[in-house]
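Encoded as structure tokens, the structure appears first; notes follow it.
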Amino acid sequence: MDLIRHLRCFLAVAEEGHFGHAAARLGMAQPPLSQRIQRLERELGVRLFDRGSRGVSVTPAGRLLLADATRLLESADALFATADRARRGEVGTLRAAVLPDTGAAAVTAVLTGFRTTSPGVQLDLHELGTTDQLARLADRSLDVGLVQHPCDLTGLELGPLLRRPLGVLTAATATPGASASAPGASSTPGASALGPPSGPVRLADLAGSALVLFPRAKAPGLHDEILTTCARHGYTPAEVREAENPQFVHGLVASGEAVAFAPHTPGAGPGTVWRPLAGAPLAWRLSTAWPSGGGSPAVRAFAAVVLRALCEHAGTTADIPDRPVHPRPTSEFLT
């Protein structure tokens, strides 16, 4: 028995005091309505109505049950309304992640933008590297993330691909053209050795320099792609040092220990200078990602907010990729 439907019939007959009027209100014929009331009476074991030639009246037992029936129907209506809002992505909690190097302005824009577009949804936002995000997307403990390409996209749907060009961060006071083997000399080329202070730098100009790069375990596909691109353009780092903390990276660069690749941000940091790379051969390629079939309205709202925030505050552009983005097995990035 559909209890909710039968209780609605009970309430309609009680309020109308007439089976015919109640049937019209419910949009049904009178015989099926009478049958539902009779079945409800059998299930409850009490008579709900006294039938008479001039209509029906609620029995004492029916009056006792009427208040409970009304409360149950109100709760059911609230339940269905909440389910409908959840289906439209208007309520609930969205578990999301962005990359650790997402700037403060972009993070603020994501939080405030999502709060505006989806006020009924609680955003549980984390900072996670691509590898960690992929693992959580796979086990469904994360609803949507922002990942760096290339990576294993098996079982995922993607938002628009974003591109953020990288430049090179070098020491501002390193000795021009110094050799790493010279006693006391910097291991990186000085700013003046790379041409005009604001001009572009070729990757080949960095020959002989050590490179500080994010840990390979955080995004193995991207780590390998950067080194491959460097080699193709004439730069094989004398040493690859891994570091994650931006302050530590800047310290290594400012001391002349290494160069680093980074997107342009106002104020490179004390003792460092940022220069664009000629031809823009290196770039972060990013996109939002979520499990296939999991693109709820809240997920898509988050993806749209991230797209806008990164384009407005992080120097990214939404563009057609240079090559198609295909799912690739994890084994390609872990060997």
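Everything in the sequence shown is counted per UniProt numbering, starting at 1 for the first residue and increasing by one.
Positions of the beta carbon are idealized from the N, C-alpha and C atoms, including for glycine.
Since the model is a prediction, treat every value here as computed from it, not as a measurement.
Of all alpha-carbon atoms in 150, 153 and 126, the one lying nearest the alpha-carbon of residue 141 is that of 126.
Each residue's CA atom was taken as its position, placing residue 21 and residue 34 some 12 angstroms apart. Between residue 84 and residue 78, the alpha-carbon positions lie close to 10 angstroms from each other. Looking from the CA of residue 93, the closest CA among 106, 67 and 143 belongs to 143. DSSP, reduced to helix, strand and coil, places residue 46 outside both helices and strands of the structure shown, so it counts as coil. In this structure, the straight-line span from the alpha carbon of residue 161 to that of residue 150 is close to 11 angstroms. When the five nearest sequence neighbours on each side are left out, the beta carbons in the same chain lying within less than 6 angstroms of the beta carbon of residue 128 are those of 97, in order along the chain. The C-beta of residue 214 has 16 or more other C-beta atoms within 10 Å across all chains shown, which makes the residue buried. The distance from the Cβ of residue 222 to that of residue 240 is about 14 angstroms, inconsistent with a contact at the 8 angstroms cut-off.
Where residue 84 is concerned, there is no enclosing beta strand (DSSP E), although the alpha helix (DSSP H) around it starts and stops at 60-87.
Residue 168 is positioned such that its CB atom lies no closer than 8 angstroms to that of residue 278. Shown here, residue 167 sits in a strand according to DSSP, grouped into three states. Within the DSSP bridge table, the entry for residue 90 names no partner. Closest in alpha carbon position to residue 104, among 237, 264 and 313, is 313. Counting every other CB atom within 10 Å of its CB across the protein chains shown gives residue 36 a total of 16 or more, marking it as buried.
For residue 312, the enclosing alpha helix (DSSP H) begins and ends at 297-313.
In the DSSP assignment, residue 152 falls outside any beta strand (DSSP E) and carries neither an H nor an E. DSSP places residue 143 outside any alpha helix (DSSP H), giving it a letter other than H or E. In this structure, residue 283 lies away from residue 121, with their beta-carbon atoms at least 8 angstroms apart. The secondary-structure analysis by DSSP pairs residue 97 across a beta bridge with 126. Of the residues 163, 133, 124 and 164, the one whose Cα lies closest to the Cα of residue 152 is 133.
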